[in-house]
Amino acid sequence: MEFTNTFHVSLPLDEAWQLMLDVPRIMPCLPGARLTEVLGPDKYQGSVTVRLGPIKLGFEGQAELVRKDEATHTAWLQGSGMDPKGRGSAKSEFSFALTPAAHGGTDVTVNTQLALSGAVAQYGRGSGMIAEVAAQILG
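Taken in order, the sequence shown gives residues 160 to 298; the numbers are from the numbering used here.
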């Protein structure tokens, strides 16, 4: 599944860029996400819990900032996690790009590729529902 989300940050571009790269600072802004450990530079362990209709899914895993381009204010991350109840796993690759907003502040565009496997993959059939949850998490 692929989807794109956008949101606005009321900070100048360079400040927003530094904020977006500071995972421990931005994690509290992501509903259902929890940082449990900093494993090293740009590598993190944590969990994400989402509700898809009546189903509550949780994943515990790792994410890593694999590349960043200071000139274009774009960064790429990879993450993977397992459902602790053994219902499956998720893998994601995503990027975020920051651009100055015409009315001040910064616009952020997040592109996500998500793959679900195991029993949880059946919930991904309604990819519109997954995209809706992503939109809720990213504001």
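The beta carbon of each residue, even a glycine, is placed where N, CA and C say it ideally should be.
Give the C-beta separation of residue i and residue j to the nearest angstrom, bearing in mind that I take them to be a contact with Cβ-Cβ under 8 Å.
i           : j           : result
residue 268 : residue 256 : 5 Å
Can you tell me whether residue i is helix, strand or coil according to DSSP?
i           : result
residue 241 : strand
residue 278 : helix
residue 231 : coil
residue 261 : coil
residue 246 : coil
residue 201 : coil
Please work out which residues of its chain come closer than 6 Å, Cβ to Cβ, to residue i, disregarding the five sequence neighbours upstream and downstream, and give them in chain order.
i           : result
residue 227 : 234
residue 237 : 223, 225 and 252
residue 249 : 218, 240 and 275
residue 182 : 203
residue 177 : none
Once you ignore the five residues that flank residue i on each side, which residues in its own chain have a CB closer than 7 Å to its CB?
i           : result
residue 169 : 264
residue 185 : 178 and 179
residue 270 : 163, 253 and 254
residue 158 : Outside the modelled stretch of the chain, which goes from 160 to 298, sits residue 158, for which no answer is possible.
For residue i, which residues in the same chain have their Cβ closer than 8 Å to its Cβ, ignoring the five residues on either side in sequence?
i           : result
residue 279 : 216, 242, 246, 247, 248 and 249
Could you pull out every unbroken alpha helix (DSSP H) segment of at least 4 residues lying fully inside the region 166-193, listed in chain order? 172-179 and 182-185
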